[in-house]
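Undergrad: After the C-alpha cells below, expect a handful of questions from me.
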Amino acid sequence: MHEVRPETCSMWNQWLMGRIVAVTNLKGGIGKTTTVVNLSAGMALKGARVLLVDVDAQGNLAMALGVKPRRTLYEVLVDGARVADCLTPARANLDLLAADESLLAAQPTIARRADWPRVLEQALRPARNSYDFIFIDCGGSLTVLNLNALYAASDVVIPTTVEPFSLRGLELQVAQIARVKGGTGGLRAIVPTLFDPRTRQSVELLDQLRARYGALVSAPIRVNVRLSESSAQGRSIYEYDPRSRGAIDYALLVEHLSVLWSFNGASAPAPVFPPREASAPVQPAAPAVAPPPPPAPVVAGSGSVLSATCPNCGRTLLRATVAGYKVSYCDHCRYRRQELASGPRR
Ligand SMILES: Nc1ncnc2c1ncn2[C@@H]1O[C@H](COP(=O)(O)OP(=O)(O)OP(=O)(O)O)[C@@H](O)[C@H]1O
Ligand SMILES: [Mg+2]
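Numbering-wise (numbering that gives the first Met the number 0), the sequence shown opens with residue 0 and increments by one.
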C-alpha cells in the first residue's frame with residue numbers, strides 16, 4: 000500500500016451533493032448492518048433518496064433487505080462499471096450497491112493501485128448528485144475497503160455496544176478516523192447498540208460514554224429480538240414490527256440525525272409517510288411468515304419541542320409520535336417516556 004497523507008474531507012459541495020455516511024466500527028457483530036438498514040430505511044420513508052453501499056464481503060445488506068442483487072460493487076471497483084448500472088432497487092427511495100464474497104478478491108487489486116484510498120470515492124462521485132444520503136456499511140476489520148469508506152465519507156457514524164471491550168475499541172476507532180481524515184474527521188454520532196437498560200453495567204458504561212463523548216452519543220438502541228428477526232426475514236424493522244422497541248429506537252435515531260443533517264422530510268415533494276412510491280422490494284427473499292400489512296406511519300412530527308422539561312437534566316423534552324407511541328425524550332441524557340397509544344409492547 001502507498002502511504003497517504005492525512006487529509007480533511009472537503010465539505011465545499013455539501014449542499015449540492017448527498018452526504019456520504021460511513022457506518023463503521025472495527026469490532027464485528029455490534030449492530031453496524033442493523034443500524035445501516037434501519038437508519039436508511041427510516042430516511043427513505045421520510046422521503047430522502049438513499050443509496051446503500053456494502054463494502055463487507057459478507058454481503059449482509061442484501062440479505063437484511065431481502066433482495067437478490069445481480070450485480071455488485073466488485074464490478075464497479077474492479078471492472079469499472081457505472082454505479083447506476085450495478086444497483087439493486089430495494090425499496091421506494093432506497094437503492095443498494097451490494098457486495099458478495101467476490102469483494103475479497105477485489106481488495107488486493109485495489110491495494111496495488113497508487114490511488115487506492117480514493118477508489119470508492121471516485122466510483123461513487125457520479126452517483127452522488129442522485130441521492131440525499133449514501134450510507135456505507137463497513138466490515139468489522141481493518142480492510143482496504145473500510146479505509147476507502149472513511150476517505151469517501153463526509154460523515155461518520157459509529158455504532159458501539161456498551162461493554163468494556165467495546166469502549167476501548169471505540170477509542171481506537173475514533174483515533175483511526177482522526178488519523179485518516181484529520182480533526183474530528185466528520186464524526187457525527189456514536190450510537191450505543193444492543194443496550195440493556197436492566198443491567199447496571201450497561202447503564203454505567205452509557206454514562207461513561209456520554210461523559211467522554213458528550214452530545215455525540217445518541218439515544219441508545221435497546222436489545223430487541225424483533226431486530227434480529229427482521230433481518231432474518233429480509234425486512235426493515237418498520238415493515239416487520241413497527242410497534243417494537245427496535246422500531247421506536249431506530250425511528251428516534253432517524254429523527255435525531257435528520258435534525259443534525261437538516262433533512263426535513265416534510266419539505267420533500269412527497270408525503271413523509273407512507274413512502275412516496277409504494278413499490279415492493281425487488282425479488283424479496285421468501286418470507287417464512289405471511290407478510291404483514293403495509294407499515295403504519297413510523298414517525299410523525301420531527302422532534303417537536305414539548306413544554307415539559309427532563310426530570311433528569313432539566314432540559315426541554317422533545318416529542319415524536321412513533322409507531323403508535325407518544326414518545327417524550329431528552330436529547331441530552333437517556334430519559335425517555337413512552338405512552339402506549341394502542342397495542343401491546345413487544
Ligand atoms: N438492538 C439489537 N437487539 C437484538 N439483536 C440485535 C440488535 N442489533 C443487532 N442485533 C443482532 O446482532 C447480530 C449482529 O448485528 P449486525 O449484523 O448488525 O452487526 P455488524 O456489526 O454489522 O456485524 P459484522 O461486523 O459481522 O458485519 C445480528 O444477528 C443482529 O440481528
Ligand atoms: Mg455487518
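Cβ atoms here follow ideal geometry from the backbone N, Cα and C, with glycine treated the same way.
Nearest CA to the CA of F132: which residue from G65, A218, L93 and G30?
TA: Here residue 132 corresponds to residue number 133 of the sequence shown, with the count starting at 1. Ranking G65, A218, L93 and G30 by Cα distance to F132 puts L93 first.
Undergrad: By alpha-carbon positions, which one of Y237, A98, G264 and P219 ends up nearest to R335?
TA: Your numbering for residue 335 matches position 336 in the sequence shown. Measuring from the Cα of R335, the nearest candidate turns out to be P219.
Undergrad: Apart from the five residues just before and just after N145, which ones in its own chain have a Cβ nearer than 7 Å to its Cβ?
TA: Counting from 1 along the sequence shown, the entry for residue 145 is found at position 146. The answer, listed in chain order, is T23, V54, C137 and G138.
Undergrad: Identify which residue in D154, A104, I236 and K26 has its Cα closest to the Cα of A188.
TA: In the sequence shown, counting from the first residue as 1, residue 188 sits at position 189. Residue nearest to A188 within the set D154, A104, I236 and K26 is D154 (criterion: CA-CA distance).
Undergrad: Can you tell which of S140, N223, L169 and L252 has its C-alpha closest to the C-alpha of R244?
TA: Within the sequence shown, numbered from 1, the residue matching residue 244 stands at position 245. Among S140, N223, L169 and L252, the Cα nearest to that of R244 belongs to N223.
Undergrad: Contact defined as beta carbons within less than 8 Å: I believe R225 pairs with Y239. What is the distance between those atoms, to the nearest angstrom?
TA: In the sequence shown, counting from the first residue as 1, residue 225 sits at position 226. In the sequence shown, counting from the first residue as 1, residue 239 sits at position 240. Indeed, because the Cβ distance is near 7 Å, the residues count as touching under 8 Å.
Undergrad: Could you pull the start and end residues of the beta strand (DSSP E) that P191 belongs to?
TA: Along the sequence shown, one-based indexing puts residue 191 at 192. Per DSSP, P191 belongs to the beta strand (DSSP E) from L186 to T192.
Undergrad: By Cβ distance, which residues of its chain are closer than 6 Å to C8, with the 5 residues on each side in sequence left out?
TA: Reading the sequence shown from its first residue, position 9 is the one you call residue 8. Per-residue confidence for C8 stands at a pLDDT of 36, beneath the threshold of 50, marking its modelled position as unreliable; the derived number appears in the next sentence. S153, K180 and G185, listed in sequence order.
Undergrad: Based on DSSP bridge pairs, tell me the residues matched to V216.
TA: Taking the sequence shown and counting its residues from 1, one reaches residue 216 at position 217. BP columns for V216 point to I189.
Undergrad: Is it true that the CB of A98 sits closer than 8 Å to the CB of G58?
TA: The sequence position of residue 58 within the sequence shown is 59, counting from 1. The sequence position of residue 98 within the sequence shown is 99, counting from 1. Yes, the Cβ-Cβ distance between G58 and A98 is below 8 Å.
Undergrad: For V288, does the count of other Cβ atoms within 10 angstroms reach 16, so buried, or fall short, so exposed?
TA: Against the sequence shown, residue 288 aligns to sequence position 289. In this prediction, V288 has a pLDDT of 40, which is less than 50 and means its spatial position is unreliable; what the coordinates show is noted afterwards. Exposed is the call here.
Undergrad: Flag this pair as touching only if the region 29–43 and the region 72–88 have three or more C-beta atom pairs under 8 Å; answer yes or no.
TA: no
Undergrad: Closer than 7 Å: is that where the CB of N37 sits relative to any heavy atom of ligand 1?
TA: Numbered from its first residue, the sequence shown carries residue 37 at position 38. In this structure, ligand 1 has no non-hydrogen atom nearer than 7 Å to the beta-carbon of N37.
Undergrad: If you follow the beta strand (DSSP E) that I19 is in, where does it begin and where does it stop?
TA: Counting from one through the sequence shown, the residue named residue 19 turns up at place 20. Note, I19: beta strand (DSSP E), R18 to V22.
Undergrad: A151 and L123 look like a contact to me (Cβ under 8 Å); what is the Cβ gap, rounded to whole Å?
TA: Locating residue 151 in the sequence shown gives position 152, where the first residue counts as 1. Locating residue 123 in the sequence shown gives position 124, where the first residue counts as 1. Between L123 and A151 the Cβ distance is about 6 Å, and since that is below 8 Å, they are a contact.
Undergrad: Can you give me the Cβ contacts of S101 inside the same chain, cut-off strictly under 7 Å, excluding the 5 residues immediately before and after it?
TA: Sequence index remark: in the sequence shown, residue 101 carries index 102 (1-based). For S101, where only same-chain residues beyond five positions count, the Cβ hits under 7 Å are T71 and Y73.
Undergrad: Any idea if C312 is buried or exposed, counting beta-carbon neighbours within 10 angstroms, 16 or more meaning buried?
TA: Here residue 312 refers to the residue found at position 313 of the sequence shown. The residue is exposed, with fewer than 16 neighbouring Cβ atoms inside 10 Å.
Undergrad: Please state whether DSSP places F164 in a helix, a strand or coil.
TA: On the sequence shown, residue 164 is found 165 positions in, with the first residue counted as 1. Residue state, collapsed to three classes: helix.
Undergrad: Taking buried to mean at least 16 other C-beta atoms within 10 Å of its own C-beta, is K26 buried or exposed?
TA: The count along the sequence shown starts at 1 and reaches residue 26 at position 27. Buried is the call here.
Undergrad: CA-CA distance, L205 and D248?
TA: As a position in the sequence shown, residue 205 is number 206, starting the count at 1. As a position in the sequence shown, residue 248 is number 249, starting the count at 1. Each residue's Cα considered, the two are about 16 Å apart.
Undergrad: Does the Cβ-Cβ distance between L96 and V77 come in under 8 Å?
TA: Here the question's residue 96 lines up with position 97 in the sequence shown. Here the question's residue 77 lines up with position 78 in the sequence shown. Contact: no.
Undergrad: On a Cα-Cα basis, can you pick out the residue from F134, P68, N128 and A63 that is closest to A231?
TA: Taking the sequence shown and counting its residues from 1, the one referred to as residue 231 is at position 232. Selected option, being the one with the closest Cα: A63.
Undergrad: Within a Cβ cutoff of 7 Å, which residues of the same chain sit near V143, ignoring the five residues on either side of it in sequence?
TA: The residue labelled residue 143 in the question sits at position 144 within the sequence shown. Taken in chain order, the residues that qualify are Q106, I109, A110 and W115.
Undergrad: Pick out whichever of S327, H255 and A246 has its Cα sitting closest to the Cα of N37.
TA: The count along the sequence shown starts at 1 and reaches residue 37 at position 38. Ranking S327, H255 and A246 by Cα distance to N37 puts A246 first.
Undergrad: Relative to the C-alpha of A91, which candidate in Y130, E120 and G79 has its C-alpha closest?
TA: In the sequence shown, residue 91 corresponds to position 92, counting from 1. The candidate whose alpha carbon is nearest that of A91 is Y130.
Undergrad: Applying the criterion that 16 or more other CB atoms from any shown protein chain within 10 Å of the CB defines a buried residue, is P163 buried or exposed?
TA: Here residue 163 corresponds to residue number 164 of the sequence shown, with the count starting at 1. Exposed: under 16 other Cβ atoms inside 10 Å.
Undergrad: Among R112, P158 and V118, which one has its Cα closest to the Cα of T33?
TA: As a first step, residue 33 is located in the sequence shown; it is residue number 34 there, counting from the start. Among R112, P158 and V118, the Cα nearest to that of T33 is on P158.
Undergrad: Report the three-state DSSP secondary structure of V271 (helix, strand or coil).
TA: Counting from 1 along the sequence shown, the entry for residue 271 is found at position 272. Any reading at V271 needs caution, since the residue's pLDDT is 32, under 50, leaving its predicted position unreliable; the model's value is listed next. Residue state, collapsed to three classes: coil.
Undergrad: Apply the 10 Å Cβ neighbour rule to N147 and answer buried if 16 or more other Cβ atoms are within range, or exposed otherwise.
TA: Residue numbering aside, residue 147 sits at position 148 when the sequence shown is read from its first letter. Per the 10 Å Cβ criterion, buried.
Undergrad: Determine, using beta carbons only, whether L252 and Y328 come nearer to each other than 8 Å.
TA: Working through the sequence shown from its first residue, we reach residue 252 at position 253. Working through the sequence shown from its first residue, we reach residue 328 at position 329. Against a cut-off of 8 Å, the Cβ pair of Y328 and L252 comes out as no contact.
Undergrad: Any chance the CB of V52 is under 7 Å from a heavy atom of ligand 1?
TA: By 1-based counting over the sequence shown, the position of residue 52 is 53. Look at V52: its beta carbon is at least 7 Å from all of the heavy atoms in ligand 1.
Undergrad: In the DSSP assignment, what are the bridge partners of M88?
TA: Here residue 88 corresponds to residue number 89 of the sequence shown, with the count starting at 1. Residue 88 is actually Pro in this sequence, not Met. DSSP lists D94 as partners of P88.
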